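Comments concern the structure below.
There are 2 protein chains.
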Amino acid sequence: MTEPLKIGLAGLGTVGRGVVKIIEKNGNDIARKIGRPLKVTAVSARDRTKDRGIDISDYTWFDDPIDLAKTGDIDVFVELMGGEDGPAYEATICALERGLDVVTANKAMIAHHANELATLAESKNASFLYEAAVAGGIPIVKALKESLAGNEIHRVYGILNGTCNYMLTRMQNEGKPFDEILKEAQAEGYAEADPSFDIGGIDAAHKLALLTTLSFGTQTSFKDVYIEGIEAITLTDIMAADDLGYRIKLLGVAVKTPEGIEQRVHPALVPKSSAIGEVSGVTNCVCADGDFVGKVMLVGPGAGEGATASSIIGDIIDTAYENKGHVFTLPAKELTPYVQAPLRAHEGGYYVRLALKDLPGTFAAIATRMAEFGISLESIVQRPVADKITPVKEDEIQPASVVIITHQTTERSVSQALKAIEQDGHIAGEPNMIRIERL
Amino acid sequence: MTEPLKIGLAGLGTVGRGVVKIIEKNGNDIARKIGRPLKVTAVSARDRTKDRGIDISDYTWFDDPIDLAKTGDIDVFVELMGGEDGPAYEATICALERGLDVVTANKAMIAHHANELATLAESKNASFLYEAAVAGGIPIVKALKESLAGNEIHRVYGILNGTCNYMLTRMQNEGKPFDEILKEAQAEGYAEADPSFDIGGIDAAHKLALLTTLSFGTQTSFKDVYIEGIEAITLTDIMAADDLGYRIKLLGVAVKTPEGIEQRVHPALVPKSSAIGEVSGVTNCVCADGDFVGKVMLVGPGAGEGATASSIIGDIIDTAYENKGHVFTLPAKELTPYVQAPLRAHEGGYYVRLALKDLPGTFAAIATRMAEFGISLESIVQRPVADKITPVKEDEIQPASVVIITHQTTERSVSQALKAIEQDGHIAGEPNMIRIERL
Chain Y
-4 MTEPLKIGLA GLGTVGRGVV KIIEKNGNDI ARKIGRPLKV TAVSARDRTK
46 DRGIDISDYT WFDDPIDLAK TGDIDVFVEL MGGEDGPAYE ATICALERGL
96 DVVTANKAMI AHHANELATL AESKNASFLY EAAVAGGIPI VKALKESLAG
146 NEIHRVYGIL NGTCNYMLTR MQNEGKPFDE ILKEAQAEGY AEADPSFDIG
196 GIDAAHKLAL LTTLSFGTQT SFKDVYIEGI EAITLTDIMA ADDLGYRIKL
246 LGVAVKTPEG IEQRVHPALV PKSSAIGEVS GVTNCVCADG DFVGKVMLVG
296 PGAGEGATAS SIIGDIIDTA YENKGHVFTL PAKELTPYVQ APLRAHEGGY
346 YVRLALKDLP GTFAAIATRM AEFGISLESI VQRPVADKIT PVKEDEIQPA
396 SVVIITHQTT ERSVSQALKA IEQDGHIAGE PNMIRIERL
Chain V
-4 MTEPLKIGLA GLGTVGRGVV KIIEKNGNDI ARKIGRPLKV TAVSARDRTK
46 DRGIDISDYT WFDDPIDLAK TGDIDVFVEL MGGEDGPAYE ATICALERGL
96 DVVTANKAMI AHHANELATL AESKNASFLY EAAVAGGIPI VKALKESLAG
146 NEIHRVYGIL NGTCNYMLTR MQNEGKPFDE ILKEAQAEGY AEADPSFDIG
196 GIDAAHKLAL LTTLSFGTQT SFKDVYIEGI EAITLTDIMA ADDLGYRIKL
246 LGVAVKTPEG IEQRVHPALV PKSSAIGEVS GVTNCVCADG DFVGKVMLVG
296 PGAGEGATAS SIIGDIIDTA YENKGHVFTL PAKELTPYVQ APLRAHEGGY
346 YVRLALKDLP GTFAAIATRM AEFGISLESI VQRPVADKIT PVKEDEIQPA
396 SVVIITHQTT ERSVSQALKA IEQDGHIAGE PNMIRIERL
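First to last, the protein sequences are chains Y and V.
Our numbering numbers the first residue of the first sequence as -4 and each following residue consecutively.
Our numbering numbers the first residue of the second sequence as -4 and each following residue consecutively.
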């Protein structure tokens, strides 16, 4: 048995603790696999005295992660602090400049600095690995970089945010409105105090930007991801979708087209009885469509102590094996410039929900406007609004919704028709329009 | 760009043709990824003149694959002939003894010679890779060996045979009996002329034996896989399961218990609305339960030209990267002896179908016998037999089935109760008993 592989952990939150626990429990077996033990030698975190349920007294303590990266007696620098800039980014740069292998779970940092980090790592012949940054415990990064590398990937997509999927699943299962579920998810630790990164789709977009580069060999362009979160999804939408045979999921979708790359994160209706429709709770999934392999889907926990730490350890093992793949499948200098595809006609139908002001004549007016814009309807049904928490007084007029499912059409047509319907004065507030995806 | 990686292909059937096609179409992109081109330099097959739709005139021809392995100007020997012994095995041994990297899709050969092949490869510092041998295009071998290597895996299971899943799905969707679907599947090329390897569960058992070794670090023991095929599954079973909220799937399941390893291949009822229940047609899936990652599931095409060739190319790329993992996660000499777990009480209920001889008093008799053996019933219903192809004459007594769903019990109790019911003389033929799995 040769020298231990020395690990420096910057960040001792949930994932850092998980990494320590895996090495404590499975360290012997891992050593038998890779021929040398893994050993945490140095750590850095905000508070040295905090009780984390793990013993860190044997590790060299660094108040400053940059010091750890620059001077720690380590082979691998594991960055688990998070944040697109600041100490995480600076320490990572220092570690790579020193020629250390770096393993990170920091999707925001990579989405914003992908090219610089990959170029630096490759110039130093250091590994820069980030399996944990995309879909937690799901080994999709390695699958795209290595196992599926014989394929031209045309499309990559999935459920990339556990918080959103957890909330949508609970709204579905318990019939509770968005705000109530959000509060409960925050109390249980499934949503952050400031949930906007998750429910606003930013987190999913970070991951999608990395999947795009890995799949299509283009430079990373987070700013070109079209992002729509789940804030506008109501219980009425979820229940109406259910009745119509669909689930609502926050999807990240990247497609390679002859005109460029399309990247989008938005809620979508997917058929209930489909593999992706069955992915519920905090579970994530990623699908890749390859020209030879066809469709491959990976499903698993998208976050959490053990799952994310499992990916971190997998990457550390890869540095022990000295695997020689590049940061993003291709060498950084070979990545082609990102070209944004012009907004395409969405292929598929739309779900539209309108809040009605009054009823008489409304159906006819709506259907007529839709027909004027060439939109053919699969169904148009009135639904009670499910989201009211406070009971409505008896003499108050109960608001109602109309839910429309269109046949295949374009986003442009639907938008124009809805504008006309709004001007007719039949509806209150903003219409909610959700794409139907048949993936 | 350095020297090409020279590939020798032994076998030019479906998969071999796929390998040539991938290199033709995506060879340039692969070379950009790995820094050197892939080049087929030598081939061997049974018939040199056969029209395969690919041009093999540039490759050095070998009548004998063993000659190719021994003397071909190649870096990687790709074995695509199949068969557990014979030329495939001999040529593989020759290639490894020469120190060549070997890539193969041959599950039967590995299931029978795992330890010898791994030991030989490791002694020669050669790679022996077989992603294509388990679940076609699904990158499960690499996921278990590398990405999930930080975990202790407790259970690995899945739908491992595309022919069986295709047949069961079509019986379900089209309401046609087993024999009719088998004939159609054979005509379409989804089932072999002699389908016994597939429908008898042998092929799934080969794959399961490899997954067991990869997951648990034990020596491969194909002979200890309990095997039951799908031959006894009738349309009546499929329709009854459907009514009760289940699908019937041929599962391979390996579990690590304190007493040893349990490996079994058999049909099972799984809930319709579950991820595994949604895996239909020729699609395969493999799930692994790890102590830290939780449950990870990979879904994709289990066979076919492009999908299997995609895995072969992934392995060839791995040899180009000189990835250093061992053949079965652990070094061959570290694999622990296989200990067969004593047959455990099945955890879950059973589906039982009985063909009735006569009706009066039968329900009561059956229910009484079940109660005598402590088996509590969830339901007992009479069903028409769906499998009759020839119409029954009007004055003939139509045979009927009784379908029983039990609560959790043991296989022993169910077997004993069924024996007693048989002796009572109420039923005709063999009862059909299928495990219900909630995975």
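Using N, Cα and C, we set each Cβ at its ideal position, and we do this for glycine too.
Since we're looking at a predicted model, the values are computed, not measured.
Quick test of your reading: Y:Gly157 and Y:Leu75, contact by CB under 8 Å. State the CB separation rounded to the nearest angstrom.
Not confirmed; about 17 Å, so no contact.
Kindly list, in the order they appear in chain V, the residues whose Cβ is closer than 7 Å to that of Y:Met292.
Val294, Gly295
Report the option in V:Ala204, V:Ala283, V:Ile256, V:Leu163 whose CA atom is closest to the CA atom of V:Ile233.
V:Leu163
For V:Gln418, which option in V:Ile361, V:Val398, V:Leu177 has the closest C-alpha, if you only look at C-alpha atoms?
V:Ile361
Please confirm whether V:Lys319 has its beta-carbon closer than 7 Å to some beta-carbon of chain Y.
yes
Of all Cβ atoms in chain V, is any one closer than 7 Å to the Cβ of Y:Gly276?
The Cβ of Y:Gly276 sits no closer than 7 Å to any Cβ of chain V.
With a cut-off of 7 Å, does the C-beta of V:Phe287 fall near any C-beta of chain Y?
yes
Assign V:Thr363 to buried or exposed, taking buried as 16 or more other Cβ atoms, counted over all protein chains shown, within 10 Å of its Cβ.
exposed
Can you list the beta strand (DSSP E) stretches of 3 or more residues lying completely in the stretch 329 to 361 of chain Y, in chain order?
Whole beta strand (DSSP E) segments, 3+ residues: 345 to 351.
Which whole-angstrom value is the C-beta distance of V:Leu434 and V:Ile271, which I expect to be below 8 Å?
6 Å
From the DSSP output, in three-state form, read off V:Ala37 for me.
Three-state DSSP puts V:Ala37 in a strand.
Can you tell me where the beta strand (DSSP E) holding Y:Gly285 begins and where it ends?
First-last of the beta strand (DSSP E) with Y:Gly285: 278 to 285.
When the Cα atoms are used, what is the spatial distance from V:Arg242 to Y:Ile17?
Straight-line Cα distance between these residues: approximately 37 Å.
Using a C-beta to C-beta distance shorter than 7 Å, which residues of chain V count as neighbours of Y:Pro134?
Ala138, Ser142, Leu143
Could you tell me the alpha carbon to alpha carbon distance between V:Leu143 and Y:Lys20, rounded to whole angstroms?
15 Å
Quick one: give me the first and last residue of the beta strand (DSSP E) that Y:Thr303 is part of.
Run containing Y:Thr303: none in the beta strand (DSSP E); it sits in the alpha helix (DSSP H), 300 to 315.
Using 7 Å as the threshold, is the C-beta distance between Y:Leu245 and Y:Pro262 below it?
Closer than 7 Å, so yes.
List the whole-angstrom C-beta distance separating V:Ser305 from Y:Asn146, where the pair is believed to meet the contact cut-off of C-beta under 8 Å.
6 Å
Check for me: the beta strand (DSSP E) holding Y:Gly131 runs from which residue to which?
Premise fails: Y:Gly131 is in no beta strand (DSSP E) and is neither H nor E.
Determine the closest residue to V:Gly131 out of Y:Glu367, Y:Phe287, Y:Val129, Y:Thr87, with distance taken between C-alpha atoms.
Y:Phe287
Measure the Cβ-Cβ separation of Y:Tyr345 and Y:Thr401 and say whether it is below 7 Å.
yes
Determine whether the Cβ of Y:Glu391 lies closer than 7 Å to any Cβ atom of chain V.
Low per-residue confidence applies at Y:Glu391: pLDDT is 47, beneath 50, and the placement is therefore not dependable, though the value from the model is reported in the following sentence. Chain V, which has no Cβ nearer than 7 Å to the Cβ of Y:Glu391, makes this no.
Anything in chain Y within Cβ reach of V:Ile312, meaning under 8 Å, just list it in chain order.
Glu141, Ala144, Gly145
Contact check, Y:Val220 vs Y:Ala204 under 8 Å by CB: the rounded distance?
Taking the Cβ atoms as the reference, Y:Val220 lies roughly 6 Å from Y:Ala204, within the contact range of under 8 Å.
Would you say V:Lys328 lies against chain B (beta-carbon separation less than 7 Å)?
Among the protein chains of the structure shown, namely Y and V, there is no chain B.
Helix, strand or coil: which one does DSSP assign to Y:Arg259?
strand
Using C-beta distances below 8 Å, list every residue in its chain close to Y:Glu432, excluding the 5 sequence neighbours before and after it, in chain order.
Leu246, Val248, Ala263, Leu264, Val265, Gly343
Since Y:Thr405 and Y:Val10 should fall inside the 8 Å C-beta cutoff, what is the C-beta to C-beta distance between them, to a whole number of angstroms?
Contact flag wrong, Cβ pair sits at about 43 Å.
Is Y:Gly301 close to chain V? Criterion is C-beta to C-beta, closer than 7 Å.
yes
Relative to the C-alpha of V:Lys34, which residue among V:Phe72, V:Pro60, V:Thr55, V:Lys1 is closest?
V:Lys1
Output, in chain order, the set of chain V residues within a Cβ distance shorter than 7 Å of Y:Arg27.
Leu325, Glu329
Determine whether the beta carbon atoms of Y:Gly297 and V:Pro296 lie at a separation below 7 Å.
At the C-beta level, Y:Gly297 and V:Pro296 stay beyond 7 Å of one another.
Would you check if the stretch 69 to 85 of chain V and the stretch 95 to 108 of chain V touch, i.e. whether three or more CB-CB distances between them fall below 8 Å?
yes
Provide the residue span of the beta strand (DSSP E) that contains V:Leu4, from first to last.
0 to 5
Is the CB of Y:Tyr84 under 7 Å away from at least one CB in chain V?
No, because no Cβ of chain V sits closer than 7 Å to the Cβ of Y:Tyr84.
Hey, is Y:Asn110's beta-carbon within less than 7 Å of any beta-carbon in chain V?
no
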